[in-house]
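Counted from 1, the sequence shown has number 82 at position 73 by the numbering used here; the numbering is strictly sequential. For reference, the structure is listed below as structure tokens.
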Amino acid sequence: MHKQFLLFGILIFVLATNLDPGVAIECFKCVSLNGNYKACDDPFHNNYTLEILESPCLGGRKGRNGLFPATACIKLSGVYDDNGDTITIRGCALDSGTLTTDTEIIRMSHCGGFYFEDR
């Protein structure tokens, strides 16, 4: 019995010393308006885009101060109705753990129109 506890203790120690508590995902963060930043636009190729790779990618949580490790990479793309300009935004977000999906951008499907900077 004592031997089992010793082996269990050694196993826990090895696992605890090999875990990295700061692990977070990496996401590309950029904005392209009318194709002015080709590295951000589609078709997207991650060749030669290390300058826009955010590692670790951090985001805010609803009702909390500070930045936290992101849980998802996001891409938003659209066309402005008023003049036909295109926009692509890449970044990261995290699930804040709230009970309602209406405030969690990564828990909802987002198809259709949206407003960006009052347009």
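Ideal placement from N, C-alpha and C gives every residue a C-beta, glycine not left out. Just so you know, these numbers come straight off a predicted model, no measurement behind them.
Q. Assuming residue 105 contacts residue 70 under a Cβ cut-off of 8 angstroms, what Cβ separation, rounded to an integer in Å, is found between them?
A. Residue numbering aside, residue 105 sits at position 96 when the sequence shown is read from its first letter. Residue numbering aside, residue 70 sits at position 61 when the sequence shown is read from its first letter. Contact holds; Cβ gap of about 4 angstroms.
Q) Taking DSSP as the reference, what is the three-state secondary structure of residue 126? A) Taking the sequence shown and counting its residues from 1, one reaches residue 126 at position 117. Of the three classes helix, strand and coil, the one that applies to residue 126 here is coil, per DSSP.
Q. For the putative contact between residue 38 and residue 99, defined by C-beta atoms under 8 angstroms, what is the C-beta separation to the nearest angstrom?
A. Walking along the sequence shown from the start, residue 38 turns up at place 29. Walking along the sequence shown from the start, residue 99 turns up at place 90. About 6 angstroms; that satisfies the 8 angstroms criterion.
Q: Going by DSSP, name the residue or residues bridged to residue 72.
A: The count along the sequence shown starts at 1 and reaches residue 72 at position 63. According to DSSP, residue 72 bridges with nothing at all.
Q | Closest Cα partner of residue 101 within the set 83, 72, 64 | A | Position 92 of the sequence shown, counted from the start, is the residue given in the question as residue 101. Comparing Cα-Cα distances from residue 101 to each of 83, 72, 64, the minimum goes to 83.
Q: Would you kindly work out how many angstroms separate the C-alpha atoms of residue 128 and residue 50, rounded to a whole number?
A: Here residue 128 corresponds to residue number 119 of the sequence shown, with the count starting at 1. Here residue 50 corresponds to residue number 41 of the sequence shown, with the count starting at 1. Going by the C-alpha atoms only, they are around 20 angstroms apart.
(Q) By alpha-carbon positions, which one of 35, 72, 122 ends up nearest to residue 61? (A) The residue you call residue 61 lines up with position 52 of the sequence shown. Residue 35 is the option with its Cα nearest to residue 61.
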